[in-house]
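Residue numbers (the UniProt record's numbering): 1 to 339. Since the structure comes first, as structure tokens, the remarks are kept for the end.
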């Protein structure tokens, strides 16, 4: 059985054609879509994090709310930019959200994507150390975050505390047991996937790879997944590895689908430049149900992953996005043996 979830970027636009005209709309509809996805039999609700943009930014209040309103599905991020994060504060927020959700949090983190503003992390008072790049800083923050999630005591208690302390050094609270084994790294290349495996983080791979070898996107991503699994095995971690890939999948079953995504039936991989290097973007899967099934059956990376995240056009509203998720869960997935 393959896990199927949705990934929302949480856009809002003050435009008559948008179902999300404000941040309040996006937050409320994100919770409603998670509830609908759970009712439809989907397995996960994931949210993108972007700063300085009209998109979802602060994940933990939303994750806690989704956790309180659902009972079964995994909830997570895809991904949190670690250049912006205070590891200690993030540990407390993540612990609280995970406990509210009953241990269903699956946190995707990464070194970040191109930003809306120049060096935006500096406005959050995070500055790379001398000789350190912003990517180095993100990995330093990540290492501290993973260390704090372990729950080991490290802080010397006050000899005259306001409240009684347990014996020994103190840890951050609330502690969420098992969360350290539910952290994912958003890897854009084969090398970063191998690094994530060495750290004991699961692999979250999107429809963008920051490298191009000339082969189709799904083949390059499948190689990334193979390298990740090999590196995980070599590291000898106690917990089992997981891999997610994201795809834009739109089975055309009615006139709404045809109007929105009929032209995407001709979608192909794209190659472009990103941050000074060649990058490969995956195509959209749109068409009649049988065609989408056939296309996904030929996607070697989807086959290799245990989790598929459906990128949803959140500005089209909860009802339409629930319809998209239902089409995949009930019409596409069974034909591929995922259900």
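A virtual CB, placed ideally from N, CA and C, is assigned to each residue, including glycine. Please read all numbers here as calculations on a predicted model, not as lab measurements.
What do you get for residue i, buried or exposed, if any count of 16 or more other CB atoms within 10 angstroms of its CB means buried?
| i | result |
| --- | --- |
| residue 81 | buried |
| residue 163 | exposed |
| residue 250 | buried |
| residue 165 | exposed |
| residue 340 | No answer is possible for residue 340: it lies beyond the span of the chain, which begins at 1 and ends at 339. |
| residue 153 | exposed |
| residue 119 | exposed |
| residue 263 | exposed |
Is the Cβ-Cβ distance between residue i and residue j less than 8 Å?
| i | j | result |
| --- | --- | --- |
| residue 42 | residue 329 | yes |
| residue 302 | residue 331 | no |
| residue 46 | residue 78 | yes |
| residue 219 | residue 300 | yes |
| residue 8 | residue 40 | no |
| residue 138 | residue 83 | yes |
| residue 87 | residue 50 | no |
| residue 292 | residue 6 | no |
| residue 204 | residue 248 | no |
| residue 237 | residue 287 | no |
| residue 69 | residue 35 | yes |
| residue 91 | residue 149 | yes |
| residue 395 | residue 64 | In the structure as shown, the chain begins at 1 and stops at 339. Residue 395 is therefore absent and cannot be evaluated. |
Could you check where the beta strand (DSSP E) with residue i kicks off and where it finishes?
| i | result |
| --- | --- |
| residue 341 | Past the boundaries of the shown model lies residue 341; the chain is included only from 1 to 339, so the question cannot be answered. |
| residue 281 | 277–281 |
| residue 84 | Looking at the DSSP string, residue 84 is not in any beta strand (DSSP E), and its letter there is neither H nor E. |
| residue 286 | 285–287 |
| residue 307 | 307–312 |
In terms of residues, what are the limits of the alpha helix (DSSP H) holding residue i?
| i | result |
| --- | --- |
| residue 30 | 23–39 |
| residue 261 | 255–261 |
| residue 217 | 217–235 |
| residue 323 | 318–327 |
| residue 141 | 134–149 |
Decide if the segment 127–137 is in contact with the segment 27–45; the criterion is three or more beta carbon pairs, one per stretch, under 8 Å apart.
no
Enumerated in chain order, which unbroken segments of the beta strand (DSSP E) with a length of 3 residues or greater are wholly contained in the segment 43–80?
44–47, 74–77
Using a Cβ distance threshold of 8 Å, determine whether the segment 314–323 contacts the segment 277–297, with at least three qualifying pairs required.
no
Are the segment 213–226 and the segment 105–119 touching, with three or more C-beta to C-beta distances below 8 Å?
no
Segments of 3+ residues assigned as beta strand (DSSP E) that fall wholly inside the segment 179–205:
183–186, 202–205
Any chance the segment 198–211 sits against the segment 220–229, with 3 or more Cβ pairs inside 8 Å?
yes
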